[in-house]
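Undergrad:
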Amino acid sequence: MVLNLIFLGPPGAGKGTVAQAVMDKYKLVQISTGDLIRAEVAKGSDLGKKLSVIMSAGQLVSDSIVSEMLKSELSKLVSKKGFSGVVFDGFPRTIPQAEMLNGILLSHKQKLTSVIYIESSKEKVVARLSARWTCPKCKKVYNTLTMPPKKSGLCNDDNTALYQRDDDKPETISKRYDVFIEKTHPLIEFYEKKGLLKRYDGNVPPKESIAEAEKIIAKIAK
Ligand code: AMP
Numbered sequence: 001m002v003l004n005l006i007f008l009g010p011p012g013a014g015k016g017t018v019a020q021a022v023m024d025k026y027k028l029v030q031i032s033t034g035d036l037i038r039a040e041v042a043k044g045s046d047l048g049k050k051l052s053v054i055m056s057a058g059q060l061v062s063d064s065i066v067s068e069m070l071k072s073e074l075s076k077l078v079s080k081k082g083f084s085g086v087v088f089d090g091f092p093r094t095i096p097q098a099e100m101l102n103g104i105l106l107s108h109k110q111k112l113t114s115v116i117y118i119e120s121s122k123e124k125v126v127a128r129l130s131a132r133w134t135c136p137k138c139k140k141v142y143n144t145l146t147m148p149p150k151k152s153g154l155c156n157d158d159n160t161a162l163y164q165r166d167d168d169k170p171e172t173i174s175k176r177y178d179v180f181i182e183k184t185h186p187l188i189e190f191y192e193k194k195g196l197l198k199r200y201d202g203n204v205p206p207k208e209s210i211a212e213a214e215k216i217i218a219k220i221a222k
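As numbered in the working numbering, residues 1 to 222 make up the sequence shown, in order.
1. Look at the alpha carbon of serine 107 and the alpha carbon of lysine 151, and state the distance between them as a whole number of angstroms.
2. Relative to the ligand AMP, what is the chain-ordered list of residues with a Cβ closer than 5 Å to any of its non-hydrogen atoms?
3. Ordered along the chain, which non-local residues of its own chain (more than five positions away) have a Cβ less than 8 Å from that of leucine 47?
4. Would you check if the distance between the CB atom of glycine 58 and the CB atom of serine 120 is smaller than 9 Å?
5. Evaluate proline 92 with the Cβ neighbour count: other Cβ atoms within 10 Å of its Cβ, from every protein chain shown; 16 or more gives buried, anything less gives exposed.
6. What did DSSP end up calling glutamine 30 once you bin it into helix, strand or coil?
7. Measure from the alpha carbon of serine 84 to the alpha carbon of each residue in Met100, Thr113, Ser62, then state which is nearest.
8. According to DSSP, is phenylalanine 180 helix, strand or coil?
9. Under 9 Å between the Cβ atoms of arginine 199 and arginine 165?
10. Going along the chain, which residues of its own chain have a beta-carbon closer than 8 Å to the beta-carbon of isoleucine 54, five neighbours each way excluded?
11. Go ahead and pull the three-state DSSP assignment for aspartate 158.
12. How would you call lysine 193, buried or exposed, if buried means at least 16 neighbouring beta carbons within 10 angstroms?
13. Evaluate aspartate 24 with the Cβ neighbour count: other Cβ atoms within 10 Å of its Cβ, from every protein chain shown; 16 or more gives buried, anything less gives exposed.
14. Hey, methionine 147 and threonine 33: beta-carbon distance below 9 Å or not?
15. In three-state DSSP terms, what is lysine 198?
16. Does proline 170 pass the burial test, meaning 16 or more other C-beta atoms within 10 Å, or should it be called exposed?
17. When burial is assigned at 16 or more other CB atoms within 10 Å of the CB, is serine 72 buried or exposed?
Here's what the structure looks like:
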């Protein structure tokens, strides 16, 4: 069975952490539009420079740019042998993006299986993101409060020095949460009406959040 899942939730709800945990189990691939955008920024291209300004302000990149990035990434992944589904992390973030995603999936003869909404309060996400550190090499995410690396400041898997994202500063996090409520929250009703939405309380430690998501996915995959 092919599973195409969206993880929806405010920044810091744990979408990436949960996605990493379920991907292996169900042999899914992950598309994080945030990672695609950061990769463009790292290239130092003209587009990357523009994207960096938008990201650092906690704003959303335009629907057309981000959809193009997603489209080309998805084409590469779907055509790979043994494709068994994808986890969308951080996309869609607006109603137009959700509509574009429908079209993109259809063009690959795919459809959305479910949308998993990880509910999280503003206080919780500000506390979590301020403590978030990422490995630049393998992209593994740590939290100095709840999931610290074994050796301080170094990735457990490849010993690379961890870094903190520019947009994980408290003022930017608060802005990103407000942007989520304004632009992304309407997607909850959008997917609820389509009967695709599953939700759970993500104001819990990562292990419990992963267990909740796994329970939901196990039911979907039955
Ligand atoms: P994330 O890693 O998902 O928190 O994304 C980091 C930043 O990249 C966001 O704050 C936005 O500026 C931008 N971004 C990521 N995904 C999208 C998207 N689907 N639509 C618009 N902007 C996005």
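A virtual CB, placed ideally from N, CA and C, is assigned to each residue, including glycine.
Since we're looking at a predicted model, the values are computed, not measured.
TA: Working from what's here:
1. Taking the first residue of the sequence shown as 1, we reach residue 107 at position 107. Taking the first residue of the sequence shown as 1, we reach residue 151 at position 151. So the two alpha carbons sit approximately 46 Å from each other.
2. Pro11, Thr33, Gly34, Ile37, Met55, Leu60, Val61, Val66, Gly90, Phe91, Arg93
3. Here residue 47 refers to the residue found at position 47 of the sequence shown. Only Glu40, Ile65 meet the Cβ criterion.
4. Your numbering for residue 58 matches position 58 in the sequence shown. Your numbering for residue 120 matches position 120 in the sequence shown. In this structure, serine 120 does not lie closer than 9 Å to glycine 58 by Cβ.
5. Position 92 of the sequence shown, counted from the start, is the residue given in the question as residue 92. Proline 92 is buried by the Cβ-count criterion.
6. Looking up residue 30 in the sequence shown gives position 30. The answer is strand: DSSP assigns glutamine 30 an E or B state.
7. In the sequence shown, the residue the question calls residue 84 occupies position 84. Closest option to serine 84, Cα to Cα, is Thr113.
8. Numbered from its first residue, the sequence shown carries residue 180 at position 180. If DSSP states are grouped into helix, strand and coil, phenylalanine 180 belongs with the helices.
9. As a first step, residue 199 is located in the sequence shown; it is residue number 199 there, counting from the start. As a first step, residue 165 is located in the sequence shown; it is residue number 165 there, counting from the start. No. Outside cutoff.
10. Reading the sequence shown from its first residue, position 54 is the one you call residue 54. Here the set comprises Leu60, Val61.
11. Along the sequence shown, read from residue 1 onward, the residue named residue 158 stands at position 158. It is coil, neither helix nor strand.
12. Working through the sequence shown from its first residue, we reach residue 193 at position 193. Exposed, by the Cβ-count rule.
13. By one-based count along the sequence shown, residue 24 stands at place 24. Per the 10 Å Cβ criterion, exposed.
14. One-based indexing of the sequence shown puts residue 147 at position 147. One-based indexing of the sequence shown puts residue 33 at position 33. Contact flag unset, no.
15. Looking up residue 198 in the sequence shown gives position 198. Lysine 198: strand per DSSP, three-state reduction.
16. Here residue 170 is taken as the residue at index 170 of the sequence shown, counted from 1. Per the 10 Å Cβ criterion, exposed.
17. Translated into positions along the sequence shown, residue 72 becomes position 72. Serine 72 should be labelled exposed.
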